[in-house]
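Engineer: Protein chains in written order, with my numbering: chain Y, 992 to 1330; chain L, 992 to 1330; chain B, 992 to 1330; chain P, 992 to 1330. Idealized CB from N, CA, C, for every residue including glycine. Predicted model, so just to flag it, every value in this text is computed and none were measured. Quick one: structure below, then a few questions.
Protein chains: 4
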Amino acid sequence: MIVVMKSEATKEQIDHVVALVREMGLNDHVIVGTDLTVVAVIGDDRKKDKGALEQVPGVDRVVPILHPYKIAAREMKKERTLVKLSDSCVFGSKHVPVIAGPCSVENEEQIMASARGVKAAGCQGLRGGAFKPRTNPYSFQGLGEEGLKLLAAARAETGLAIVTEVLTPTEVDLVSSYADCLQIGARNCQNFKLLEAVGKQPKPVLFKRGLSTTIDEYLQAAEYILAEGNPNVILCERGIRTFEDHTRNTLSLSAVPELHERTHLPIVVDPSHGTGYARLVADMSRAAVASGADGLMIEMHPDPEHAMTDGGQSITPAALKELMPSLVRVAQAIDRTMN
Amino acid sequence: MIVVMKSEATKEQIDHVVALVREMGLNDHVIVGTDLTVVAVIGDDRKKDKGALEQVPGVDRVVPILHPYKIAAREMKKERTLVKLSDSCVFGSKHVPVIAGPCSVENEEQIMASARGVKAAGCQGLRGGAFKPRTNPYSFQGLGEEGLKLLAAARAETGLAIVTEVLTPTEVDLVSSYADCLQIGARNCQNFKLLEAVGKQPKPVLFKRGLSTTIDEYLQAAEYILAEGNPNVILCERGIRTFEDHTRNTLSLSAVPELHERTHLPIVVDPSHGTGYARLVADMSRAAVASGADGLMIEMHPDPEHAMTDGGQSITPAALKELMPSLVRVAQAIDRTMN
Amino acid sequence: MIVVMKSEATKEQIDHVVALVREMGLNDHVIVGTDLTVVAVIGDDRKKDKGALEQVPGVDRVVPILHPYKIAAREMKKERTLVKLSDSCVFGSKHVPVIAGPCSVENEEQIMASARGVKAAGCQGLRGGAFKPRTNPYSFQGLGEEGLKLLAAARAETGLAIVTEVLTPTEVDLVSSYADCLQIGARNCQNFKLLEAVGKQPKPVLFKRGLSTTIDEYLQAAEYILAEGNPNVILCERGIRTFEDHTRNTLSLSAVPELHERTHLPIVVDPSHGTGYARLVADMSRAAVASGADGLMIEMHPDPEHAMTDGGQSITPAALKELMPSLVRVAQAIDRTMN
Amino acid sequence: MIVVMKSEATKEQIDHVVALVREMGLNDHVIVGTDLTVVAVIGDDRKKDKGALEQVPGVDRVVPILHPYKIAAREMKKERTLVKLSDSCVFGSKHVPVIAGPCSVENEEQIMASARGVKAAGCQGLRGGAFKPRTNPYSFQGLGEEGLKLLAAARAETGLAIVTEVLTPTEVDLVSSYADCLQIGARNCQNFKLLEAVGKQPKPVLFKRGLSTTIDEYLQAAEYILAEGNPNVILCERGIRTFEDHTRNTLSLSAVPELHERTHLPIVVDPSHGTGYARLVADMSRAAVASGADGLMIEMHPDPEHAMTDGGQSITPAALKELMPSLVRVAQAIDRTMN
């Protein structure tokens, strides 16, 4: 880190900063500029609390220099991580898989119709929530284990890889026993105990970015999973919270190339939550693929007008089937494949 | 809710919306305006997914009308809820208590020095984290139960009420057995399983607003706790995430009068996390009291330069002692009391 | 608009709202729901101040229903507006033109080298600022009319259409006399006197979205130009201000399909300002085309390391030349053309 | 500035950065850390474009160190600047003046009633817009010079200092000839040509912060006025744009102590625009005074239900009169005065 002193900082104040740096077991390098002095701190200071230096008299501010994550960093692993959900559903390669399906598993008929629609469109994964995190306590909270069983049945028929959300550490083993991939939702992006729990089980994790999580915070959160020994983390940009009101979230596609620069983990995009409106999903799916995403996660429901959850952002099986060929073409335009 | 049709919507499309509304068991009222038609939906539609109507052909948008929370609403309970942590620490009355203390319990000496400083300043509660949610997995994660025991010892000596955070449902009983009040941190504001768990235990809950949670979402989340039977919820504005970079968060004090308008629950302010810098804490504490806050939560550390966590936003015991008399005067200026 | 009454509103309060609505020359429609009453206001209320009703006793809130713009609205004009800068540079058709060039015109050699690079890459327009709005008053402010002359010379040699910014009403005629298209920068998005001034001159206007402008506000601002009689407005998404810190702005590509839904005006994307970093420009250019943008505006400098302004987000002529073929392929994938 | 190199940067890349720094006429200081190398740049680099270094191969990022403003900086002038509008209306001292009045001057009766209400409440300044920047082009745009004459008449009767907005450079002389203080609105915060124009005239300037302007950008914009020779700038926090939807803007009161730390200019707060709702104005006015604001600007209208503009956030003369005594008490609590 760099400790920037105020222009009026005294020699005693600078010396005090130097003393504190050395106490931390780090080395210092004092640079006297024309307007002010900075103290460059040398050594791995990532486990130190920079706040401790921030309020020392004479200090203007403290600027971190090292990125705060390690296992997730590109520097640690040059080749891209491949995360395999099934033989046909591998994230991180030239092929760009699509996971689609309803927000919630509602009943057998609905999830089977969904799975068939997903399969018919040429997608590789089926999503569907059995445990649902709902903003409102009076809303439908999911079918629980019954939903997991229905997902397993859908996999048995279609061969699609199953992705489903887990909400709390005590349910991790149960969900892991049915799913091919555990999803961590945006609101649990910094639920560190849950991240540790999914880090300890063997299935891949589709880990959504939080609504107001910076890239640095996101990769630190991913590090919680990786540090427990699970290397199979798929990142997911799903929209951030901003002042915009024409969408429920602002889909920040620049996160895709930025994450590719900083980490070896694959990155998928969820244009459904990322916009909140079915009418925007096709264009933003194409944009996501063109931005370099390693996969897509799309909400599709056989009857959006009667969906129990997220009907407004779910496309129909027919719309998904119509969308796929144009995605294939966009992928080809950037030398990737989608079928 | 109000379903706003597009100006070019056909009669069939309007009829279809009406049919869907009736299917939901709700009543409709079609209003033909000069430019477009709206369908007013009559009845309690809070458990219905408005998304289902959003993508129906001819629909421009759907506007919710009813506030999505019930038990938390002012309409349900005219008098303010009083939440009692101890005889001298009651939130929601004319008296404005202050909870202060370090971010983390680090060791006996540190927490005892903190407790004495808090007591000497005339505050009523002691905060300190035993289980810490840390952005970085390699940072200090708290002392666990040992930290809870140290807090209990500090209470035994000083009589201060103890507020400490809980991170995951499985630890709720343990934390509840030591603490006078359980804190839910900002990053767990929509960790619904945790909210349910603290809703089922008997201690009051200090429930922090999330970094990007709207007031509506915040009260719905509080409803998760209330709906489980725990009426003792203290809300806490602790800063939101915005584009501003002179603070770590933007302290949104207008949330205080707005929440007072909408709910009967007491509202406290955390100016430490709300700004992220010790230099701003005194002014923002005074502003918080003047805005009508029912309490304050302030980070104080006996030695901020050596704090293991949050040193940059912790004030010293001396600064807290110096701050209190001016808070007392501001409170008196608005006919409230602080000592 | 819809006036939502509080659940405890009295009959007198509702009657008073009705009276105020009638006073405005509008009609009312009172709907008594199960939980509360709403007053639907019928008629064109866009010129009325809804604020006047917001603080009437018993009113909870006022919800606007009509979109606040007219000439810009899709309803007013079904076919897309074509905006022509030159024979080869027309925005709004199947063809997707690219405007590229440096942030500032610095000198003859630099702008000529830029123009040749832009031409060689197969782009249609040349950008370059002669009057520069700079955050810092001590930064380079542009060459003024000398810069305009250099742009005209570059056009004479290359045939590229010239796009350059205007900052203040008194300079509009001068800039208009040289340029093929006047640019309004993001910080002037709600500089209404400037919008009126460019609305009164004959050249097309490339009108950038403000850093924190909603789509509704943006189209209302465009309406200032249109209402003065200039129909040739090109909208431009160039990034919005959010909490994100890995980019200078957050490029909100969902604005492209949303604007296509709401207005007949063409929409271009500026991935350079939209991200702030040259390393992200290629991927976001491809994503912009895939999202349906009607054009691109890219910063390119013959020597970014020595650029006087915006060096960090400018790509080189070589990088632009390398980028174009992949853009052509992405455009073809969605049945558009780029060369 | 500090140039942070990537961990894999080569010696040639570091040497190239050093060469570019020297070319800029600055000095370098290379620090080889344990994980990476940084190049500290020594000298006044505020006029250099740091972007030029950002995309040099091997560079990870560039961190500015010097604050980008000079005349506005606290370091330049230790004592606070006093800005005098009239004998009783001076900003920057222990006394905290209040400017109140309607959004727009509508007619003689309205502005006279307003002025009398402001005077009766014990305030020192009268606000009222004659030239109005309106989001919607079809809304009331103000009375123009006729409005200025009415304001002058109100001053003649009451002795209140007059504050009114100016929108474009060509109107500066006219507005300056009538007003005691020129207001620059939030949407013109980075309208640099307008800032230069008000910097060249002799009247004080009340300069509102933009909706998405950081503190650094705000002080740089103020510097445009100061650099033209007008030292009488009053800063004004009036709410920023965030995701919050319970207010029109988020009033960021921490800007008050932060600006006091960084600049010698006085800071006032506008709780009316800062919240957008009359119901929040009283509490936020008290909070603003407690935060250390040097003045308040409050919208007041004799008949908000019939106000042509901003009726929703305007309080009545009676409400203003009721508010003032509590403000006086809050001011006294922090050793300031308000009457």
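At which residues does the beta strand (DSSP E) containing Arg1052 of chain Y begin and terminate?
Structural biologist: Here the beta strand (DSSP E) through Arg1052 of chain Y covers 1050-1054.
Engineer: Does the pairing of the segment 1022-1034 of chain L with the segment 1023-1039 of chain B give three or more beta-carbon distances under 8 angstroms?
Structural biologist: Short answer: they touch.
Engineer: Hey, out of L:Thr1241, L:Ala1144, L:His1237, whose CA is closest to Arg1229 of chain L's CA?
Structural biologist: Of the listed residues, the one whose Cα sits closest to Arg1229 of chain L is L:Thr1241.
Engineer: Kindly list, in the order they appear in chain Y, the residues whose Cβ is closer than 7 angstroms to that of Phe1082 of chain B.
Structural biologist: What Phe1082 of chain B touches in chain Y: nothing, since even the nearest Cβ is about 18 angstroms away.
Engineer: Residues of the segment 1168-1198 of chain P in Cβ contact with chain B at a cutoff of 7 angstroms, in chain order, please.
Structural biologist: So the close ones are Arg1178, Asn1179, Gln1181, Asn1182, Phe1183, Lys1184.
Engineer: How long is the line joining the alpha carbons of Leu1073 of chain B and His1292 of chain B, rounded to whole angstroms?
Structural biologist: The straight-line gap from Cα to Cα measures roughly 29 angstroms.
Engineer: Can you tell me which of L:Asp1294, L:Leu1202, L:His1007, L:Ala1278 puts its alpha carbon nearest to the alpha carbon of Leu1314 of chain L?
Structural biologist: Nearest of L:Asp1294, L:Leu1202, L:His1007, L:Ala1278 to Leu1314 of chain L, Cα basis: L:Ala1278.
Engineer: With a threshold of 8 angstroms, are at least 3 pairs of Cβ atoms found where one atom belongs to the segment 997-1012 of chain B and the other to the segment 1095-1115 of chain P?
Structural biologist: Verdict: no, contact absent.
Engineer: Which class does Gln1004 of chain P belong to by DSSP, given the choice of helix, strand or coil?
Structural biologist: Looking at Gln1004 of chain P - three-state DSSP - the assignment turns out to be helix.
Engineer: What in chain P is Cβ-close to Pro1293 of chain L, meaning under 9 angstroms?
Structural biologist: Within 9 angstroms Cβ-Cβ: nothing; Pro1293 of chain L doesn't reach chain P, min ~24 angstroms.
Engineer: Just grab the DSSP bridge partners of Ile1020 of chain B for me.
Structural biologist: Checking the displayed sequence, the identity of residue 1020 of chain B turns out to be His instead of Ile. DSSP output for His1020 of chain B lists B:Ala1031 as bridge partner(s).
Engineer: I need the straight-line Cα distance from Lys1085 of chain Y to Gly1116 of chain Y, nearest angstrom please.
Structural biologist: Using only the alpha carbons, I get a separation of about 17 angstroms.
Engineer: For Gly1092 of chain B versus Arg1052 of chain B, is the C-beta spacing smaller than 8 angstroms?
Structural biologist: Going by C-beta atoms, Gly1092 of chain B is not nearer than 8 angstroms to Arg1052 of chain B.
Engineer: Do the CB positions of Asn1179 of chain Y and Val1196 of chain Y come within less than 8 angstroms of each other?
Structural biologist: Not a contact, by the Cβ cut-off of 8 angstroms.
Engineer: According to DSSP, simplified to helix, strand and coil, what is Leu1117 of chain Y?
Structural biologist: Strand at Leu1117 of chain Y.
Engineer: Using the three-state DSSP reduction, which class does Ser1323 of chain Y fall into: helix, strand or coil?
Structural biologist: Reading off the sequence shown, one finds Gln at residue 1323 of chain Y, where the question assumed Ser. Note: Gln1323 of chain Y maps to helix in three-state DSSP.
Engineer: Excluding the 5 residues flanking Pro1055 of chain L on each side, which residues of the same chain have their C-beta closer than 7 angstroms to its C-beta?
Structural biologist: So the qualifying residues of the chain are Met992, Lys1041.
Engineer: Got a sec? Which residues, its chain only, sit under 6 angstroms from Leu1158 of chain Y by beta carbon, not counting five neighbours each side?
Structural biologist: Correct list, in chain order: Phe1122, Pro1124.
Engineer: Taking the beta strand (DSSP E) that Leu1226 of chain Y falls in, what are its first and last residues?
Structural biologist: First-last of the beta strand (DSSP E) with Leu1226 of chain Y: 1224-1228.
Engineer: So what does DSSP say about Gly1286 of chain L, is it helix, strand or coil?
Structural biologist: Correct three-state label for Gly1286 of chain L: strand.
Engineer: Going by DSSP, name the residue or residues bridged to Glu1156 of chain B.
Structural biologist: Answer by DSSP bridge pairing, in chain order: B:Gln1174.
Engineer: Check Ala1298 of chain P in the structure and name its three-state DSSP category.
Structural biologist: Note: Ala1298 of chain P maps to coil in three-state DSSP.
Engineer: Let's see if you can read the secondary structure: which residues bound the alpha helix (DSSP H) around Phe1183 of chain B?
Structural biologist: Its alpha helix (DSSP H) spans residues 1183-1190.
Engineer: Please give me, in chain order, every unbroken run of the alpha helix (DSSP H) with length at least 4 that falls completely inside the segment 1245-1294 of chain L.
Structural biologist: For the segment 1245-1294 of chain L, whole alpha helix (DSSP H) runs of length 4 or above, ordered along the chain, are 1246-1253, 1262-1266, 1272-1282.
Engineer: Could you tell me the distance, in whole angstroms, from the CA atom of Glu1249 of chain Y to the CA atom of His1255 of chain P?
Structural biologist: The alpha-carbon atoms of Glu1249 of chain Y and His1255 of chain P are separated by roughly 40 angstroms.
Engineer: Can you list the residues of chain L that Gly1283 of chain P reaches, using a CB-CB cut of under 7 angstroms?
Structural biologist: Correct list: Asp1274.
Engineer: Would Lys1069 of chain Y be called buried (16 or more neighbouring beta carbons within 10 Å of its own) or exposed?
Structural biologist: So Lys1069 of chain Y ends up on the exposed side.
Engineer: Exposed or buried, what is Gly1220 of chain P when buried is set at 16 or more other beta-carbons lying within 10 Å of its beta-carbon?
Structural biologist: So Gly1220 of chain P counts as exposed.
Engineer: CA-CA distance, Asp1301 of chain B and Asp1261 of chain B?
Structural biologist: If I take the Cα positions, the gap works out to 13 angstroms.
Engineer: What residue does the alpha helix (DSSP H) around Val1109 of chain Y start on, and which one ends it?
Structural biologist: Note, Val1109 of chain Y: alpha helix (DSSP H), 1099-1112.
Engineer: Tell me, please, whether the CB atom of Asp1236 of chain B is closer than 8 angstroms to any CB atom in chain Y?
Structural biologist: So, interface residue.
Engineer: Rounding to the nearest angstrom, what Cα-Cα distance links Ala1281 of chain L and Ala1064 of chain P in this structure?
Structural biologist: Approximately 29 angstroms, taken between the alpha carbons.
Engineer: With a cut-off of 8 angstroms, does the C-beta of Ser1203 of chain L fall near any C-beta of chain Y?
Structural biologist: Yes, because at least one Cβ of chain Y sits closer than 8 angstroms to the Cβ of Ser1203 of chain L.
Engineer: Chain B partners of Arg1320 of chain Y, CB-CB under 7 angstroms?
Structural biologist: In chain order: Ala1324.
Engineer: What residues match up with Leu1197 of chain B in a beta bridge as DSSP calls it?
Structural biologist: Beta-bridge pairing links Leu1197 of chain B to B:Gln1174, B:Ile1225.
Engineer: Anything in the segment 1204-1233 of chain Y with a Cβ closer than 7 angstroms to a Cβ of chain B? List those residues in chain order, please.
Structural biologist: Those would be Thr1205, Ile1206, Ile1231, Thr1233, in chain order.
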